[in-house]
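Before any comments, here is the structure.
Protein chains: 2
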Amino acid sequence: MITPPRPDVASAARERLAALATPPGALGRLGDLAVWIAACQGVAPPRRLDSVRVVIFAGDHGVARYGVSAYPPEITAAMVRTFVSGRAGVSALAAAHGVAVRVLDLGVDDDLDGVPDDVRRFKVRRSSGPIHLEDALTAEETRTALAAGAAVAREEIAAGADLLISGDMGIGNTTPAAAMVAAALGLPASEVTGRGTGVDAAALAHKEQVIDQALARAGARTDDPVETLTALASADLAASTGYLLEAARQGVPVLLDGLMAVACALTADRIDPGAAAWFAAGHRSTEPAQALALAKMGLEPALDLGMRLGEGSGAVAAVPVLRSAVAVLRDVALLSELGG
Amino acid sequence: MITPPRPDVASAARERLAALATPPGALGRLGDLAVWIAACQGVAPPRRLDSVRVVIFAGDHGVARYGVSAYPPEITAAMVRTFVSGRAGVSALAAAHGVAVRVLDLGVDDDLDGVPDDVRRFKVRRSSGPIHLEDALTAEETRTALAAGAAVAREEIAAGADLLISGDMGIGNTTPAAAMVAAALGLPASEVTGRGTGVDAAALAHKEQVIDQALARAGARTDDPVETLTALASADLAASTGYLLEAARQGVPVLLDGLMAVACALTADRIDPGAAAWFAAGHRSTEPAQALALAKMGLEPALDLGMRLGEGSGAVAAVPVLRSAVAVLRDVALLSELGG
Numbered sequence: 005m006i007t008p009p010r011p012d013v014a015s016a017a018r019e020r021l022a023a024l025a026t027p028p029g030a031l032g033r034l035g036d037l038a039v040w041i042a043a044c045q046g047v048a049p050p051r052r053l054d055s056v057r058v059v060i061f062a063g064d065h066g067v068a069r070y071g072v073s074a075y076p077p078e079i080t081a082a083m084v085r086t087f088v089s090g091r092a093g094v095s096a097l098a099a100a101h102g103v104a105v106r107v108l109d110l111g112v113d114d115d116l117d118g119v120p121d122d123v124r125r126f127k128v129r130r131s132s133g134p135i136h137l138e139d140a141l142t143a144e145e146t147r148t149a150l151a152a153g154a155a156v157a158r159e160e161i162a163a164g165a166d167l168l169i170s171g172d173m174g175i176g177n178t179t180p181a182a183a184m185v186a187a188a189l190g191l192p193a194s195e196v197t198g199r200g201t202g203v204d205a206a207a208l209a210h211k212e213q214v215i216d217q218a219l220a221r222a223g224a225r226t227d228d229p230v231e232t233l234t235a236l237a238s239a240d241l242a243a244s245t246g247y248l249l250e251a252a253r254q255g256v257p258v259l260l261d262g263l264m265a266v267a268c269a270l271t272a273d274r275i276d277p278g279a280a281a282w283f284a285a286g287h288r289s290t291e292p293a294q295a296l297a298l299a300k301m302g303l304e305p306a307l308d309l310g311m312r313l314g315e316g317s318g319a320v321a322a323v324p325v326l327r328s329a330v331a332v333l334r335d336v337a338l339l340s341e342l343g344g
Numbered sequence: 005m006i007t008p009p010r011p012d013v014a015s016a017a018r019e020r021l022a023a024l025a026t027p028p029g030a031l032g033r034l035g036d037l038a039v040w041i042a043a044c045q046g047v048a049p050p051r052r053l054d055s056v057r058v059v060i061f062a063g064d065h066g067v068a069r070y071g072v073s074a075y076p077p078e079i080t081a082a083m084v085r086t087f088v089s090g091r092a093g094v095s096a097l098a099a100a101h102g103v104a105v106r107v108l109d110l111g112v113d114d115d116l117d118g119v120p121d122d123v124r125r126f127k128v129r130r131s132s133g134p135i136h137l138e139d140a141l142t143a144e145e146t147r148t149a150l151a152a153g154a155a156v157a158r159e160e161i162a163a164g165a166d167l168l169i170s171g172d173m174g175i176g177n178t179t180p181a182a183a184m185v186a187a188a189l190g191l192p193a194s195e196v197t198g199r200g201t202g203v204d205a206a207a208l209a210h211k212e213q214v215i216d217q218a219l220a221r222a223g224a225r226t227d228d229p230v231e232t233l234t235a236l237a238s239a240d241l242a243a244s245t246g247y248l249l250e251a252a253r254q255g256v257p258v259l260l261d262g263l264m265a266v267a268c269a270l271t272a273d274r275i276d277p278g279a280a281a282w283f284a285a286g287h288r289s290t291e292p293a294q295a296l297a298l299a300k301m302g303l304e305p306a307l308d309l310g311m312r313l314g315e316g317s318g319a320v321a322a323v324p325v326l327r328s329a330v331a332v333l334r335d336v337a338l339l340s341e342l343g344g
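This is the structure in structure tokens:
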């Protein structure tokens, strides 16, 4: 059980919110988010979110060779190079909003020659097992990936992170992520499967079948969240889970992105209940599994802009909403300061 | 008829959007907003929105003495002082997002002694006529207020504004604003009346009656948008209308806030059709008249955070969404730049 954000500080923040020179409730969700950030930081009003850091976990998925994606797996390695060069969607958004970006190869099916060594420092393996036919990882690889994610979170926190974000890059990644959500919630594939980056109706039906086959293969092992990672996830998703879990254990708030981040967040909360109290939701995904997982964690996204780029981009776009929340609770006058 | 944003530049921007190294449609509304900004600026990709300026038009409303608001009219002058001291909600948000704030007294029912002279430079009168009993303004005052707003827009544009926002402050302001929307759309008060800063059910029914009485009193004069301002608006709302109209005429994009901004935008578009093409919507209001006016102009808000603070605050909170849109169209790699 993870220690929750401080309820006493949440109360103090709520009192300050009520004492602001604004009509009751007029700040809407900004008020709720400000109270949450204050409770996470243990101080009301909260500190500004100056250091926001997104870590993109990259990896390939064996299942991507089986017709579940609109794109070939080779795109994963190409996108890692695009992150390194700072020209991806998340790079542009992060630069616009003063967010630091780090990309890590956990399981890309490519040696990534010429890419800086520290990108490959945590590499677990090349690709993952096709989950409808075999386990994604060995138990040992799952442990290694979880530990890698936790180590990365500690590094980012040591570097001063006020807020962490996870992104994921890997062609085919919505298939294991939807399977993780189905496993966590005990749902069939029909309820969790979406179009990812844009498969057609026939491919969607096939994807659903692949997920059902994977769930059937994993069987009762899905009762255990770590076994679920071994059976159904991948190195990047297991590492992302470890990263989110460690952020919660260290008491650093996290802004979640789309399906991959939310599937990992839900898994982290299964491994150590209470983790979800450290998470907020950045952007609503078009993937049905994201909404189901968010509902389970009691989270409502700050933005709904129809983005479906992945990479952590929706969460990065939502960072200014959290900064707005902090600004109002810190900087708006108290009614008692006005008067005469 | 106002010249629209450049369709040729919109086409070029749309082509660049399709050529980015992102899956088709993956940027969602950010893509549409980026195309709009490019067309407004006449250049694709668009320039960054470095200079964003919000002007808050303040004024009292005679109708506020007749039980339509949860707050006494004296709050208007107190809030002008809070804007001047930089401690209001919009001040905090503007500081967080690098937005310049200017407050102007168009019709506050107070001499505002001690407030800097330039805040009162455009003052038209003290308060306005209670619209259910008499005209809000004289025809001459309406002309003066419209001209004041246009002059302010020209000043802000001369100062380098890349994007303009209007805010409104005035206890009772949702009553004339809802009446303006009802007049523009030919709707009864029952469809446009909302709770403002929070009146109870009895006061809501009374407010609806006041609006119906005002609409009946104005009669066929509501067929003319300038006559509508004279009969039903106020100095701050007429000035805001002039400001939005001039921004459109000068070809500078505007991000609209809540009900007051949208009521004025709709009126500007009635005065000079095509103005609305220069407007985007920042934040969804809980006031029903805002949704109706936005639908008429074909606009969809970027944010829906349950804010109902007024002051332009919802639009200021949405500025980072437009900056995200500009960033992706400017800075994301083209597919043709990646490759081998």
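Residue numbers (my numbering), protein chains in the order written: chain X, 5 to 344; chain C, 5 to 344. All residues carry an ideal CB built from backbone N, CA and C; glycine is no exception. Since we're looking at a predicted model, the values are computed, not measured.
Pick from the options: whose alpha carbon is nearest that of residue i?
i	options	result
Tyr75 (chain X)	C:Asp172, C:Ala25, C:Ala62, C:Gly66	C:Ala25
Ala243 (chain C)	C:Val47, C:Cys44, C:Val59	C:Val59
Pro229 (chain X)	X:Ile275, X:Ala206, X:Asp216, X:Thr245	X:Ile275
Ala235 (chain X)	X:Pro305, X:Ala183, X:Gly190	X:Ala183
Leu97 (chain X)	X:Ser340, X:Glu341, X:Gly164, X:Pro324	X:Pro324
Leu338 (chain C)	X:Ala82, X:Gln45, X:Ala319, X:Glu78	X:Ala82
Ile318 (chain C)	C:Met264, C:Ala187, C:Glu160, C:Val67	First, the amino acid is wrong: residue 318 (chain C) is Gly here, not Ile. Gly318 (chain C) has its Cα closest to that of C:Met264, out of C:Met264, C:Ala187, C:Glu160, C:Val67.
Ala299 (chain X)	X:Gly314, X:Gly310, X:Phe283	X:Phe283
Phe126 (chain C)	C:Gly102, C:Ala157, C:Ala100	C:Ala157
Thr226 (chain X)	X:Pro120, X:Ala188, X:Gln294	X:Ala188
Ala152 (chain C)	C:Gly316, C:Leu248, C:Ala285	C:Leu248
Ser89 (chain C)	C:Pro120, C:His101, C:Ala154	C:Pro120
Gly164 (chain X)	X:Arg312, X:Gly314, X:Ala30, X:Gln45	X:Gln45
Gly118 (chain X)	X:Ala104, X:Thr86, X:Val105, X:Ser132	X:Thr86
Leu191 (chain C)	C:Ala293, C:Met311, C:Asp36	C:Ala293
Ala140 (chain C)	C:Ser95, C:Gly32, C:Leu116, C:Leu219	C:Leu219
Arg357 (chain C)	C:Asp172, C:Gln213, C:Ser289	No answer is possible for residue 357 (chain C): it lies beyond the span of chain C, which begins at 5 and ends at 344.
Gly32 (chain X)	C:Gly314, C:Asp335, C:Leu37, C:Ala329	C:Gly314
Going by beta carbon distance, what residues of the same chain come within less than 6 Å of residue i, once the five residues before and after it are set aside?
i	result
Leu233 (chain X)	Thr146, Ala242
Arg18 (chain X)	Val39
Ala143 (chain C)	Thr234
Ala43 (chain X)	Pro9, Arg10, Val13, Ala14
His210 (chain X)	Gly71
Gly66 (chain X)	Ser131, Ser132, Gly133, Pro134
Arg327 (chain X)	Leu53
Among the residues of its own chain, which have a CB less than 8 Å from the CB of residue i, if the five just before and after it don't count?
i	result
Ala281 (chain C)	Ile6, Pro8, Pro9, Ala252
Gly278 (chain C)	Met5, Ile6, Thr7, Pro8, Ala252
My guess is that residue i and residue j are in contact by the Cβ rule of under 8 Å, so how many angstroms apart are they, rounded?
i	j	result
His287 (chain C)	Gln217 (chain C)	The pair is not a contact, with the Cβ atoms about 30 Å apart (cut-off 8 Å).
Leu110 (chain C)	Asp240 (chain C)	4 Å
Gly176 (chain C)	Ala68 (chain C)	3 Å
Leu34 (chain X)	Leu309 (chain C)	6 Å
Glu291 (chain X)	Thr201 (chain X)	With 8 Å as the limit, Glu291 (chain X) and Thr201 (chain X) do not qualify as a contact, their Cβ atoms being about 11 Å apart.
Asp166 (chain X)	Ser55 (chain X)	5 Å
In chain order, what residues of the same chain lie with their CB nearer than 7 Å to the CB of residue i, ignoring the 5 residues before and after it?
i	result
Arg20 (chain C)	Ala48, Pro49, Leu333
Gly344 (chain C)	At Gly344 (chain C), the pLDDT of 47 sits below 50, so the modelled position is not reliable and the matter cannot be decided from this model.
Ala23 (chain C)	Leu338, Leu339, Ser340
Ala331 (chain C)	none
Leu208 (chain C)	Thr197, Arg199
Glu160 (chain X)	Arg57, Val59, Leu168
Leu259 (chain C)	Leu167, Ile169, Ala284, Gly286, Ala319, Ala322, Val323, Leu326
**Request:** Note down, one range per segment and in chain order, each alpha helix (DSSP H) of at least 4 residues found wholly within the region 175-247 of chain C.
**Result:** Qualifying alpha helix (DSSP H) stretches, in chain order: 178-189, 193-196, 205-222, 229-236.
**Message:** Please list, in chain order, the residues of the region 32-45 of chain X that have any C-beta partner in chain C closer than 7 Å.
**Reply:** Going along the region 32-45 of chain X in chain order, one finds Gly32, Arg33, Leu34 with a Cβ nearer than 7 Å to chain C.
**Asked** Using Cβ-Cβ distances below 8 Å, what residues of the region 93-114 of chain C are close to chain X?
**Response** Taking 8 Å as the Cβ-Cβ cut-off, the region 93-114 of chain C approaches chain X at Gly93, Ser95, Ala96, Leu97, Ala99, Ala100, His101, given in chain order.
**Item:** Length at least 4, wholly inside the region 27-95 of chain C: the alpha helix (DSSP H) runs in chain order
**Value:** If only complete runs of 4 or more residues are kept, the region 27-95 of chain C shows the alpha helix (DSSP H) at 33-45, 78-88, in order along the chain.
**Request:** Can you check the region 244-325 of chain X for any beta strand (DSSP E) of at least 3 residues that lies completely inside it and give the ranges in chain order?
**Result:** Segments of the beta strand (DSSP E) lying fully in the region 244-325 of chain X: 258-260, 283-285.
**Request:** Output, in sequence order along the chain, the residues in the region 193-225 of chain X whose CB is closer than 7 Å to any CB in chain C.
**Result:** The residues in question are Thr201, Gly202.
**Item:** the region 325-338 of chain C: positions lying closer than 8 Å to chain X by Cβ
**Value:** For the region 325-338 of chain C, the set of positions with a beta-carbon nearer than 8 Å to some beta-carbon of chain X reads Val325, Arg327, Ser328, Val330, Ala331, Val332, Arg334, Asp335, Val336, Ala337 in chain order.
**Asked** In the region 13-28 of chain C, which residues sit with their C-beta less than 9 Å from some C-beta in chain X, listed in chain order?
**Response** Answer set for the region 13-28 of chain C: Leu24, Ala25, Thr26, Pro27, Pro28.
**Asked** Any residues in the region 277-305 of chain X with a beta carbon nearer than 7 Å to a beta carbon of chain C? Which ones, in chain order?
**Response** For the region 277-305 of chain X, the set of positions with a beta-carbon nearer than 7 Å to some beta-carbon of chain C is empty.
**Message:** Output needed in chain order: residues of the region 117-150 of chain C with a Cβ under 9 Å from some Cβ in chain X.
**Reply:** Going along the region 117-150 of chain C in chain order, one finds no residue with a Cβ nearer than 9 Å to chain X.
**Prompt:** Counting only runs that start and end within the region 101-163 of chain C, where is the alpha helix (DSSP H) found for 4 or more residues in a row?
**Reply:** Listed in chain order, the complete alpha helix (DSSP H) runs (minimum 4 residues) inside the region 101-163 of chain C are 143-162.
**Request:** Using a Cβ-Cβ cut-off of less than 7 Å, give me the residues of the region 58-89 of chain X that come near chain C, in sequence order.
**Result:** So the close ones are Ala82, Thr86.
**Prompt:** Listed from N- to C-terminal order along the chain, which residues in the region 235-249 of chain C have their beta-carbon within a distance smaller than 8 Å of any beta-carbon of chain X?
**Reply:** Taking 8 Å as the Cβ-Cβ cut-off against chain X, none of the residues of the region 235-249 of chain C qualify.
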